[in-house]
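Visitor:
Residue numbers (the numbering used here): 6 to 77.
Written out as structure tokens, the structure reads:
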């Protein structure tokens with residue numbers, strides 16, 4: 006199994022969402038709009054990562070199902 010090189014990279018998207026939410030609640034009025042891009046990008050990265058992980062697992066499951074194992 007492949008080892009993940011940088012574990013901090015996996016925390017980048019959730020931390021981006023947390024930082025943008027903290028910034029959103031600390032600001033008032035029209036300044037809150039500035040946090041929306043960070044929030045949307047962080048959520049998008051989390052969703053795309055989950056989607057890609059699901060696709061990879063599905064491909065692996067199909068590959069396992071399609072292999073024929075001979076029992077002696």
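Quick reminder that beta carbons are idealized off the backbone N, C-alpha and C, glycines included.
When we look at the beta-carbon of residue 25 and count the other beta-carbons within 10 Å, is it buried (16 or more) or exposed?
Guide: Reading the chain shown from its first residue, position 20 is the one you call residue 25. Residue 25 comes out buried.
Visitor: Can you confirm whether the stretch 28-47 touches the stretch 55-63 when touching is taken to mean that 3 or more C-beta pairs between the two stretches lie within less than 8 Å?
Guide: No, the stretch 55-63 does not touch the stretch 28-47.
Visitor: My assumption, with CB atoms under 8 Å, is that residue 47 sits in contact with residue 22. Please give the rounded CB distance.
Guide: Your numbering for residue 47 matches position 42 in the chain shown. Your numbering for residue 22 matches position 17 in the chain shown. At roughly 4 Å, the Cβ-Cβ gap stays under 8 Å, so residue 47 and residue 22 are in contact.
Visitor: Here's a check: name, in chain order, each residue in its chain whose Cβ is nearer than 7 Å to the Cβ of residue 28, leaving out the five neighbours to either side.
Guide: Taking the chain shown and counting its residues from 1, one reaches residue 28 at position 23. Cβ neighbours of residue 28 beyond the five flanking positions: 40.
Visitor: Under the assumption that residue 50 contacts residue 18 (Cβ atoms under 8 Å), give the Cβ distance between them as a whole number of angstroms.
Guide: Taking the chain shown and counting its residues from 1, one reaches residue 50 at position 45. Taking the chain shown and counting its residues from 1, one reaches residue 18 at position 13. Right, their Cβ atoms sit about 4 Å apart.
Visitor: For the alpha helix (DSSP H) that residue 38 lies in, which residues bound it at each end?
Guide: Counted from its first residue, the chain shown places residue 38 at position 33. Neither: residue 38 is in no alpha helix (DSSP H) and is coded neither H nor E.
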